[in-house]
Amino acid sequence: MIKSILITSTIFYISCISNCFADRLHLLIPAGPGGGLDSTARAVGESLMKLDNTKTVSYENRTGGGGGKAMSYFVNSKSDFSNALLVNSTPLLIRSIQGVFKQTYRDIVPIASLIADPAVIAVKAGSKYSDWNSIVTELQNTNGNILVGGGSVKGSLDHIALFLLLKESGISFRKARYIPYDGGGKALIGLLSSEVEVLVSGLGETINQHRSKSVQILGVSSVERIKELPEVPTFKEVGLDVVFSNWRGLFASKSSTDREIDLQQALIRQLVDSPEWQAQLTRYGWESFYLERTQFEEFLQTQEDVLRNTLIELGLLIGS
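When we follow the numbering used here, the leftmost residue of the sequence shown carries the number 11, and every step to the right adds one.
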C-alpha cells in the first residue's frame, strides 16, 4: 500500500537573506511525487539551493482527498507550520467551491503566485492519434471507448480541461471515459503503460517526455505556441476557443507572524529575480506569473468567482 505521506530524505542548503525567518524552510505538497505541484516545489527548492549561505529546505508530499488532507493538516496544525509554505494551485479554489474540503484560501496566507502552466493533450509515442482532430474523429465513431487519463479527481482541473475541449469540438463528454489519477506523475505512468490512450495534463508535467520522444504533445491551451516547443500547435489554431492556464503559488500558515510573512515574501522575491528560477521556467515551459500578497489575494477572489460560474455553466456545480 502506498503511504499517504512521503518525505524526502534530502535536505538542501539554500540562501539565507538577512534576518531569515527560520533556519529551515519546509514545503508541503498536496499531491504525490512527479506531478505539477511536486515539480513546482522542487524547482523552488533547487533554485534557492543555488543561492548563497545557509538555509535548509525540505519537502513533504501529503496525498489524499483531492488535496484536502494536506489542506486540513496545514490549517489545523498551525503551530507546526510557522516556518513552512504550502504549494497549491487552481484546484484549491475548485475543490473549495465544490465542497470537496471545507477550507478555502482565506484560511491560509497567500504569499505569492509563481507560474502559469497551460494544459496539454498528449499521447504515447507511436499512437494512432496524430493530432486533436484524429481523437475527435475517433470519438465521433465510438461509444466511450477512449480512456483519457488525468492527474486530478473528476470535476477538477484536468477534467474541466477535457470537458472544455470536447464541448468546443461538439462532442458529448460521455464519449470519452476520464480516468483520474492521484497526481500528474501517476497519470503519465498510466499513459506510458497503456492503461489510458490519451493524457490531459499540464505542460510542465509532460514537456520532458515530449522532448525525449516517449510522449507526443498534440496541443496546448496557451494563447501562443510555447517557444520551447514550436512544433506543438495551440488549440486556438485548430479552431477551439480554449485558452487557460493553471496558476501555482505559495501560502503561509496563519500562525506565521507579520515579520515571518514579510521575510517569506522577501525570500520569494529574491527567488523570482534569480537566473536560477528563470532556468526552471525554461525547463518546464512555464509562464512567469508572479503576484505578491495583495495582488495575489485580489486575483484569488476574482478567480473564485469566475470558476464558480464556469462550474455552474458546465453542469459540474448546482447554482445557488
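For glycine and all other residues, C-beta sits at the position ideal for the given N, C-alpha and C.
{"query": "If you compare alpha carbons, which of 158, 171 and 271 is closest to residue 35?", "result": "271"}
{"query": "Cα separation between residue 242 and residue 95?", "result": "34 Å"}
{"query": "So, using beta-carbon positions, are residue 123 and residue 299 closer together than 8 Å?", "result": "yes"}
{"query": "Could you tell me the distance, in whole angstroms, from the CA atom of residue 248 to the CA atom of residue 181?", "result": "15 Å"}
{"query": "In the DSSP assignment, find the beta strand (DSSP E) that holds residue 181 and state where it starts and stops.", "result": "It is not in any beta strand (DSSP E) - residue 181 carries neither H nor E in the DSSP assignment."}
{"query": "Apart from the five residues just before and just after residue 146, which ones in its own chain have a Cβ nearer than 7 Å to its Cβ?", "result": "179 and 181"}
{"query": "Can you tell me whether residue 259 is buried or exposed? The criterion is at least 16 other CB atoms within 10 Å of its CB, across all chains shown.", "result": "buried"}
{"query": "Per DSSP, which one or two residues make a beta bridge with residue 296?", "result": "None; residue 296 has no bridge partner."}
{"query": "For the alpha helix (DSSP H) that residue 268 lies in, which residues bound it at each end?", "result": "268-282"}
{"query": "Please report the straight-line C-alpha distance between residue 47 and residue 143, rounded to a whole angstrom.", "result": "30 Å"}
{"query": "So, with DSSP's three-state summary, where would you put residue 155?", "result": "coil"}
{"query": "On the criterion of 16 or more Cβ atoms from any shown chain inside 10 Å, does residue 40 qualify as buried, or is it exposed?", "result": "buried"}
{"query": "Would you tell me roughly how many angstroms separate the C-alpha atoms of residue 117 and residue 252, rounded to the nearest one?", "result": "31 Å"}
{"query": "Less than 8 Å between the beta carbons of residue 296 and residue 121, yes or no?", "result": "no"}
{"query": "Give the straight-line distance between the Cα atoms of residue 280 and residue 85, rounded to the nearest whole angstrom.", "result": "26 Å"}
{"query": "Which term fits residue 266, buried or exposed, when burial requires 16 or more other beta carbons within 10 angstroms of its beta carbon?", "result": "buried"}
{"query": "Can you pull the DSSP bridge partners for residue 257?", "result": "126"}
{"query": "Pop quiz: residue 73 and residue 168 are said to be a contact at Cβ under 8 Å. What is the actual Cβ separation, rounded to whole angstroms?", "result": "So it is not a contact: roughly 16 Å between Cβ atoms."}
{"query": "Give the single residue among 314, 292, 67 and 129 whose Cα lies nearest to the Cα of residue 194.", "result": "129"}
{"query": "Distance check for residue 183 and residue 285, CA to CA, integer angstroms please.", "result": "43 Å"}
{"query": "Considering only the beta carbon of each residue, do residue 38 and residue 55 sit closer than 8 Å?", "result": "no"}
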